[in-house]
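Participant:
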Amino acid sequence: MSQFSAIEIANWIAIYLAAGICCAIAMALSVTVTLQGLWKDKIWQDARTVRGAVLLLPKAWWRWQKLYLLSTPVTLGIVGSFAATMSWS
C-alpha cells in the first residue's frame, strides 16, 4: 500500500475544504430561498386542517430538498475545476 506524499495530502484536504465551503453556501442559500418561498406562499395557512398540518413539514422539506439538490452540479463543477488546477506531483 503506497503512502500519500505531502502535496497529495494537502491537495485532498483542499478539495474537501472546497467541497465543504460550497455545500455550506448551498445550504445557506437553499434554506434562505425556502423560507422566503414559504413566507411568500403563506404555507402556514394550509395548516388549518388536520391534513394540511400533517403535510406542512413534508412540503417544506421537499422544497428545501429540491433547491439543495439543484446545487449539486454546480458544486461538482466548482470543486472539479479547482482540483484540475492543482499540481499532484
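Here our numbering is used: the first residue of the sequence shown is 7, the next is one more, and so on.
From the three backbone atoms N, C-alpha and C, an ideal C-beta is built for every residue, glycine too.
These numbers come from a predicted model, not from an experiment.
(1) Could you have a look at Gln9 and say whether DSSP puts it in helix, strand or coil?
(2) Taking contact to mean 3 or more Cβ pairs, one atom from each stretch, closer than 8 Å, check whether the stretch 10-27 and the stretch 54-62 are in contact.
(3) Measure the alpha-carbon distance for Ser95 versus Ala24 and round it to whole angstroms.
(4) Do Ser77 and Ala32 have their C-beta atoms closer together than 7 Å?
(5) What is the residue span of the alpha helix (DSSP H) that Arg57 lies within?
(6) Helix, strand or coil for Trp18? Go by DSSP, reduced to three states.
(7) If you run the structure through DSSP and keep just helix, strand and coil, what is Ser36?
(8) Would Ile27 pass as an interface residue toward chain B - the criterion being a Cβ-Cβ separation below 7 Å?
Facilitator: Quick look at the numbers:
(1) Start at 1 with the first residue of the sequence shown, and residue 9 comes out as number 3. The DSSP-derived three-state label of Gln9 is coil.
(2) Contact between the stretch 10-27 and the stretch 54-62 is not established, with fewer than three Cβ pairs separated by less than 8 Å.
(3) Residue mapping note: residue 95 aligns to position 89 of the sequence shown, counting from 1. Residue mapping note: residue 24 aligns to position 18 of the sequence shown, counting from 1. In a straight line, the C-alpha of Ser95 is about 20 Å away from that of Ala24.
(4) Numbered from its first residue, the sequence shown carries residue 77 at position 71. Numbered from its first residue, the sequence shown carries residue 32 at position 26. Yes, the Cβ-Cβ distance between Ser77 and Ala32 is below 7 Å.
(5) Translated into the one-based positions of the sequence shown, residue 57 becomes position 51. Run containing Arg57: Val56 to Leu76, per the alpha helix (DSSP H) assignment.
(6) For the purposes of this step, residue 18 is taken as residue 12 along the sequence shown, with counting starting at 1. Trp18: helix per DSSP, three-state reduction.
(7) To locate residue 36, count along the sequence shown from 1; it is residue 30. When secondary structure is reduced to three states using DSSP, Ser36 falls in the helix class.
(8) Among the protein chains of the structure shown there is no chain B, as only one such chain exists.
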